[in-house]
Amino acid sequence: MKKYLIFDTETLEIINVETRPDNEPYEPSGNLDSIEIDENSYASEYYFKNSKLTKRPKKPSHEHIWNGSEWVIDELLIAVKTKSARNALLQESDWTDTVSAQSRLSNWQEWQDYRQALRDITQQTGFPLDIEWPVAPA
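Quick look at the structure:
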């Protein structure tokens, strides 16, 4: 069996993958053509670069997305993860944000400043890729 990647010759859009017996090669029709690919490959592993079918490089990490020509950091995913981490730190310090904590803690204002700095993370100029995390009071 041979595996063929089917693509549109005008738009260079990858349409499908077909597996055919060795003696029945894919026959181009209209704007569609094909190229034989490795039997263990998937259509998503290929793209056209300078009108040439190219195998996509391996994904560097789960935080990358394909932009059509290269892997780039998924800033939306990083932002969601950063906000989730921030929210966990806020939740861990909720005990400092009570009326009784205000009278018990000598560094209550430091905790309030820390919590506000956590809330302000999304306003940092480097957000979401370059974050300066505040340090919790001792």
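When we follow my numbering, the leftmost residue of the sequence shown carries the number 1122, and every step to the right adds one. Heads up, the beta-carbon is just placed ideally off N, CA and C, and yes, glycines get one too.
Under the three-state reduction of DSSP output, S1224 falls in the helix class.
In terms of Cβ geometry, Q1223 and W1229 form a close pair [threshold 7 Å]. Taking the Cα positions, T1243 is about 14 Å away from Y1235. When the five nearest sequence neighbours on each side are left out, the beta carbons in the same chain lying within less than 8 Å of the beta carbon of Y1163 are those of V1138, in order along the chain. Non-local beta-carbon contacts of T1140 in its own chain, meaning distances under 6 Å to residues more than five positions away in sequence, involve M1122 and K1124 in chain order.
Straight across, the Cα-Cα distance linking T1203 with P1249 is about 7 Å. Per DSSP, the beta-bridge partners of R1141 are K1123. The closest CA to that of V1193, considering only K1179, A1206 and S1205, is found on K1179. For T1203, there is no enclosing beta strand (DSSP E); the enclosing alpha helix (DSSP H) covers residues E1196 to E1213.
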